[in-house]
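In mature numbering (1 follows the signal peptide of the UniProt record, and there is no 0), the protein residues as written are -26 to -1, 1 to 506.
Encoded as structure tokens, the structure appears first; notes follow it.
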């Protein structure tokens, strides 16, 4: 281990103390046996495919200690570090947040991805069997791998993302939301313990009790304070089946009113989401994973007079062999909803297939050449009072005729978000906010770089308008962006608002030389923090 540390330290020192790293023909020329590799095209690409910043080198660590050696060297070398480090998991960032121009990218998928499930049965009845159940998971594991392993024991985490082919460390660094969030909170509210390598190169185990400041800092911390290497996730009993329901609407107010009714019934309903239906393609693509015939053929109107429809989907867990309880709950709940009669559809699927539903949509998009394309997405948390205004702003930038991709709209409850974490949600006096997710795929044959740039500029204008404070008679809504890269450090300070002081203090404590997370653009390198 000491020899390996010497090799790595010498290599990093060579990178740091030279005004340019370009004189080195290959990272392996300097690094010897240490796993720093030549960058590949994928090192400068993410799912968004709108930003491409190439690193100098790539690290595929075998253990957290490898990362600690790297970060320790970068943070201790005099006079100041000249390289930055970004951690990348499955590469699903949208705006280059996991890239490091002329720095080092750490590929966390190379870490051990084991999933160790611990389930201690309590002394009560069967309902208490999972009180102390949890999974210790390598942060490079995909959520689908966690699900597969936990289901072997009839268990599962309570909170999910819609797409399961993301890493544990990746979603915990951002938030992690889906239709279960109203009930269980985001994934960052469902963590018991973390192992983290700080920006100073320290391997630390932390929890709400043990070093809580680091624990809460890295949850939703955008990779600014440390690299998550392991996580302990609480588990609950997993239902064998799910009753999955979709209901259609032609009124935005009725659609959102029924969604809020559903999230007020957490004892009966386990999942709530919704989306806009803009055109025939939107209806078809959103139904790829839903294994039931939809006899819904709406009139979308003519050009200039387009009509938008809406769909609520909710789910009820089914623990009964015959499905009688879930069917009964769906019947009672559906009777309270004001959907377009008779357009409610229900189907029973396995729990795994339900959680993995977006995989089928991915395969459909791949078959049409619309997966590995630019994704100029916009995700915004909007307080309930501003959702109608936000929808108006959004639809002014969307052409319903040729829009490709879903626009998700569903409510979340702010009290399910732990205010100690680094995540940011808007002020919502009634405790309800909505996620608007504009998940657009662009066909390069019809939308080139100039077109993508135009979409992003329109999204920026929408976000700027929506995120302005609405106090004092202003037109702003007080929304907050999610999964976004702000255009400047000043905009990041606006984004964090009153929480900026705490965020900056955490950076000063755990990554004082600003080594980590350069792609976010939150803490640009200064003379005192080093510069490449």
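A virtual CB, placed ideally from N, CA and C, is assigned to each residue, including glycine.
query: Cβ atoms of residue 213 and residue 291: under 9 Å apart, would you say?
result: yes
query: Exposed or buried, what is residue 14 when buried is set at 16 or more other beta-carbons lying within 10 Å of its beta-carbon?
result: exposed
message: Please report the distance separating the alpha-carbon of residue 261 from that of residue 430.
response: 27 Å
- request: Indicate whether the contact test is met: 3 or more Cβ pairs, each with one atom in the segment 372 to 383 and one in the segment 137 to 157, closer than 8 Å.
  value: no
message: What would DSSP say about residue 213, mapped onto helix, strand or coil?
response: coil
message: Quick check on DSSP: helix, strand or coil for residue 127?
response: coil
query: For the beta strand (DSSP E) that residue 286 lies in, which residues bound it at each end?
result: 283 to 292
query: Should the segment 469 to 486 be called in touch with the segment 160 to 175, which here means at least 3 C-beta pairs below 8 Å?
result: yes
task: Return the first residue and the last residue of the alpha helix (DSSP H) that residue 46 is part of.
output: 38 to 50
message: Give me the residue from 62, 192, 160, 310 with the minimum Cα distance to residue 169.
response: 192
query: According to DSSP, what are the bridge partners of residue 455?
result: According to the DSSP secondary-structure assignment, residue 455 is paired through a beta bridge with 354.
Coarse secondary structure for residue 137, derived from DSSP in three states: Three-state DSSP puts residue 137 in coil, outside helix and strand.
- prompt: Can the beta-carbon of residue 426 be found less than 9 Å from the beta-carbon of residue 371?
  reply: no
query: Once you ignore the five residues that flank residue 125 on each side, which residues in its own chain have a CB closer than 7 Å to its CB?
result: 212, 326
query: Mapping DSSP to helix, strand and coil, what is residue 421?
result: coil
message: Given this structure, state the Cα-to-Cα distance separating residue 10 from residue 36, to the nearest angstrom.
response: Rounded to whole angstroms, residue 10 to residue 36 spans 11 Å at the Cα level.
- request: Could you tell me the distance, in whole angstroms, from the CA atom of residue 489 to the CA atom of residue 423?
  value: 31 Å
task: Using 10 angstroms around the beta-carbon of residue 395, count the other beta-carbons present and answer buried if the total reaches 16, otherwise exposed.
output: buried
- prompt: Between 137, 289, 415, which lies nearest to residue 321 when the distance is taken from Cα to Cα?
  reply: 289
- prompt: In or out: residue 92 buried (at least 16 other Cβ within 10 Å) or exposed?
  reply: exposed
query: Secondary structure at residue 591, three-state DSSP: helix, strand or coil?
result: Because the chain in this structure spans residues -26 to 506, residue 591 falls outside the shown range and cannot be described.
query: Which whole runs of the beta strand (DSSP E) in the segment 219 to 256 are 3 residues long or more, in chain order?
result: 245 to 251
message: Just verifying my parser: in three-state terms, what is the DSSP assignment at residue 4?
response: Only weak support is given to the placement of residue 4: the predicted model assigns it a pLDDT of 40, under 50, and the value that follows is read from those uncertain coordinates. Helix, per DSSP.
query: residue 147 to residue 276, Cα distance in whole Å?
result: 44 Å
- request: Let me know the beta strand (DSSP E) ranges lying completely inside the segment 297 to 382, each 3 residues or longer, listed in chain order.
  value: 318 to 324, 352 to 357
query: residue 14 lies in the beta strand (DSSP E); which residues open and close that run?
result: Membership of residue 14 in any beta strand (DSSP E) is not indicated, and neither H nor E is assigned to it by DSSP.
- prompt: According to DSSP, what are the bridge partners of residue 172?
  reply: Bridge partners of residue 172: 200.
message: Is it the case that the segment 125 to 140 contacts the segment 347 to 366, given that we only count it when at least three CB pairs across the two stretches are under 8 Å?
response: Verdict: no, contact absent.
message: With distance defined between alpha-carbon atoms, name the residue in 207, 460, 316 nearest to residue 121.
response: For the residues 207, 460, 316, the minimum Cα distance to residue 121 belongs to 207.
- prompt: Which one or two residues does DSSP pair with residue 410 in a beta bridge?
  reply: 354, 383
8 Å contact criterion, which residue 62 and residue 72 should meet: CB distance rounded: 4 Å
- request: Taking only the alpha-carbon atoms, compute the straight-line gap between residue 57 and residue 491 and give it to the nearest angstrom.
  value: 11 Å
- request: May I ask you to report which of helix, strand or coil DSSP gives residue 468?
  value: helix
query: residue 496 and residue 198 look like a contact to me (Cβ under 8 Å); what is the Cβ gap, rounded to whole Å?
result: The pair is a contact, with the Cβ atoms about 6 Å apart (cut-off 8 Å).
query: With a CB to CB cut of under 7 Å and the five nearest residues on each side skipped, what residues in its chain are close to residue -26?
result: Only weak support exists for where residue -26 lies, its pLDDT of 45 falling under 50; the value from the coordinates is given anyway. Hits under 7 Å: none found.
query: Is the beta carbon of residue 399 sitting closer than 9 Å to the one on residue 454?
result: yes
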